[in-house]
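For the record, the sequence lines run as chains F and B. Quick note: the first sequence uses the numbering used here, first residue 1, plus one each step. Quick note: the second sequence uses the numbering used here, first residue 1001, plus one each step. Notes to accompany the following structure.
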Amino acid sequence: MSITEILFWFLTALALLSALMVVFSKNPVHSVLWLIAVFFAISGHYIILNAQFLAIVNLIVYAGAIMVLFLFVIMLMNLNAETEPQKNRWLWWAGTIAGGSLMLVIIAALKNTENQMAQIKGGDIGLIQNLGKVLFNDYVLPFEISSVLFLSAMVGAVVIGKKD
Amino acid sequence: MPINYYIFLAVALFSIGVMGVLTRRNAIIVFMCIELMLNAVNLLLVAFSKMHHATALAGDAATMVGAEAQLFVFFIMVVAAAEVSVGLAIIVMMYRNIHSVDINFLNRLKH
């Protein structure tokens, strides 16, 4: 087993375990922290796949910005106590069984597909230089439109969050 | 790495997200599970881009095939950031009005 495979399995186990802890933590703050662990594991997977730009962007945007926003909102509402208002065992079992069945069905449908290899540790399409060339040659218009999207999202958040 | 491993990992992460959306009643945690599903899809998209790149490399050593998929992941992250800001504003507004983030209270939207 090469070091890359060991890293792959370690990151996979970390991602799955942390994702389960996100769902099953009672305390919302703990859920946020476990979700940050999931994002770190997924960034590790990006690095194994040599998608370095996406690994860094994933860390900065998700773990750095979005999760801090979640933490702010949770602390603003003072939800860090155990505040699951209503317990319903039937709902819990139904949800778990439905999610598990979804996973089972998709895996059963896809397990006999032709097995190709994803290139790891090589290939330079994930480097900033090449992605930037493609972005600013072929995808300039979507890039500019996304800035308008951000502006409208900012205005929308302010308008929704305003008092009265 | 075989692409199947990445498919199974992404499917497992996505299903855990679905499980969280179906079982948890806290609106913020439901929202976080949606983020988890988005990230599972992103991971799968990057893995597929590398698979596509590996097959294209056999024909042409200097090909840039597959960079578009990684740009799509970049745009998904952009849209997710905008979506989170608006969604959290809505949750804050909901908390201000009904003093709870329990999504069961939202069924009064029906009538």
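Idealized CB from N, CA, C, for every residue including glycine.
Have a look at the DSSP bridge pairing and note the partners of residue i.
i: proline 1002/B; result: Met117/F
i: asparagine 1026/B; result: Asp1102/B
Does any residue of chain B have a CB that is nearer than 7 Å to the CB of residue i?
i: glycine 99/F; result: yes
i: alanine 153/F; result: yes
i: glutamine 116/F; result: yes
i: tryptophan 9/F; result: no
i: methionine 1/F; result: no
i: valine 61/F; result: yes
i: glycine 64/F; result: no
i: tryptophan 92/F; result: yes
i: isoleucine 107/F; result: yes
i: isoleucine 36/F; result: no
i: threonine 54/F; result: Note on residue identity: the sequence assigns leucine, not threonine, to residue 54/F. Closer than 7 Å: yes.
i: leucine 33/F; result: no
i: isoleucine 160/F; result: yes
Of the residues the options, which one's Cα is nearest the Cα of residue i?
i: phenylalanine 40/F; options: Phe8/F, Leu69/F, Asn27/F, Ser25/F; result: Phe8/F
i: isoleucine 160/F; options: Ala1069/B, Asn1097/B, Gly1059/B, Ala1058/B; result: Asn1097/B
i: alanine 157/F; options: Leu1088/B, Val1079/B, Val1101/B, Gly1017/B; result: Leu1088/B
i: asparagine 78/F; options: Ala15/F, Pro28/F, Ser43/F, Leu20/F; result: Pro28/F
i: alanine 51/F; options: Glu144/F, Leu135/F, Asp124/F; result: Asp124/F
i: phenylalanine 136/F; options: Leu1071/B, Val1086/B, Val1084/B; result: Leu1071/B
i: aspartate 138/F; options: Phe1105/B, His1052/B, Ala1069/B; result: Ala1069/B
i: histidine 1052/B; options: Ser147/F, Lys162/F, Ala118/F; result: Ala118/F
i: isoleucine 166/F; options: Val1078/B, Glu1083/B, Val1086/B; result: Beyond the ends of chain F as shown, which are 1 and 164, falls residue 166/F; an answer cannot be given.
i: isoleucine 1103/B; options: Leu1022/B, Glu1083/B, Ala1081/B, Lys1050/B; result: Leu1022/B
i: isoleucine 47/F; options: Thr4/F, Phe143/F, Val148/F; result: Thr4/F
i: tyrosine 1095/B; options: Trp93/F, Ile6/F, Leu76/F, Ala55/F; result: Leu76/F
i: alanine 1081/B; options: Ile1034/B, Arg1024/B, Pro1002/B; result: Ile1034/B
i: phenylalanine 1048/B; options: Val134/F, Pro142/F, Gln116/F, Lys163/F; result: Gln116/F
i: isoleucine 1091/B; options: Val1011/B, Met1019/B, Ile1003/B, Met1032/B; result: Met1032/B
i: leucine 1038/B; options: Phe1074/B, Leu1057/B, Ala1061/B, Val1101/B; result: Phe1074/B
i: phenylalanine 53/F; options: Leu1057/B, Val1046/B, Arg1024/B, Val1084/B; result: Val1046/B
i: proline 142/F; options: Met1001/B, Leu1009/B, Ile1076/B; result: Ile1076/B
i: lysine 1050/B; options: Val1101/B, Val1086/B, Tyr1006/B, Ala1040/B; result: Tyr1006/B
i: alanine 63/F; options: Lys111/F, Leu49/F, Trp34/F; result: Trp34/F
Any beta carbon from chain F within less than 7 Å of residue i's own beta carbon?
i: valine 1030/B; result: no
i: valine 1114/B; result: Nothing can be reported for residue 1114/B: it is not among the residues displayed for chain B, which extend from 1001 to 1111.
i: alanine 1027/B; result: no
i: valine 1090/B; result: Checking the displayed sequence, the identity of residue 1090/B turns out to be isoleucine instead of valine. With 7 Å as the cut-off, isoleucine 1090/B counts as an interface residue toward chain F.
i: glycine 1066/B; result: yes
i: leucine 1045/B; result: no
i: methionine 1037/B; result: no
i: methionine 1094/B; result: no
i: leucine 1106/B; result: no
**Prompt:** Given a limit of 7 Å on CB to CB distance, which residues of the segment 118-150 of chain F reach chain B?
**Reply:** Hits within the stretch, in order: Ala118, Gln119, Ile120, Gly123, Ile125, Gly126, Asn130, Leu131, Val134, Leu135, Tyr139, Pro142, Ser146, Leu149, Phe150.
**Message:** Does the structure place the segment 1018-1038 of chain B close enough to the segment 1057-1070 of chain B that three or more beta carbon pairs sit under 8 Å?
**Reply:** By the Cβ criterion, the segment 1057-1070 of chain B is not in contact with the segment 1018-1038 of chain B, since fewer than three pairs of Cβ atoms, one from each stretch, lie closer than 8 Å.
**Residues from the segment 12-28 of chain F in contact with chain B, defined by Cβ distance under 8 Å** = Cβ contacts with chain B come from Thr12, Ala15, Leu16, Ala19, Leu20, Val22, Val23, Pro28.
**Request:** Output, in sequence order along the chain, the residues in the segment 67-81 of chain F whose CB is closer than 8 Å to any CB in chain B.
**Result:** Listed by position along the chain: Leu69, Phe70, Val73, Ile74, Leu76, Met77, Leu79.
**Request:** Determine which residues of the segment 41-52 of chain F have a Cβ less than 7 Å from any Cβ of chain B, and write them out in chain order.
**Result:** Residues of the segment 41-52 of chain F with a Cβ closer than 7 Å to any Cβ of chain B, in chain order: Ile42, His45, Tyr46, Leu49, Ala51.
**Stretch pair the segment 1012-1019 of chain B + the segment 102-122 of chain F: three plus CB contacts closer than 8 Å** = Enough Cβ pairs lie closer than 8 Å, so yes.
**Request:** Select from the segment 1047-1063 of chain B all residues with a C-beta closer than 8 Å to any C-beta belonging to chain F, and list them in chain order.
**Result:** Within the segment 1047-1063 of chain B, the qualifying residues are Ala1047, Phe1048, Ser1049, Lys1050, Met1051, His1053, Ala1054, Thr1055, Leu1057.
**Item:** Members of the segment 1003-1021 of chain B that neighbour chain F once the beta carbon cut-off is set at 7 Å
**Value:** Residues of the segment 1003-1021 of chain B with a Cβ closer than 7 Å to any Cβ of chain F, in chain order: Ile1003, Asn1004, Tyr1006, Ile1007, Phe1008, Leu1009, Val1011, Ala1012, Leu1013, Ser1015, Ile1016, Val1018, Met1019, Gly1020.
**contact_flag[the segment 142-158 of chain F, the segment 64-74 of chain F] where n(CB pairs < 8 Å) is 3 or more** = Counting Cβ pairs under 8 Å, fewer than three are found: no touch.
**Asked** Can you find at least 3 beta carbon pairs, one from the segment 125-137 of chain F and one from the segment 57-69 of chain F, that sit closer than 8 Å?
**Response** Short answer: they don't touch.
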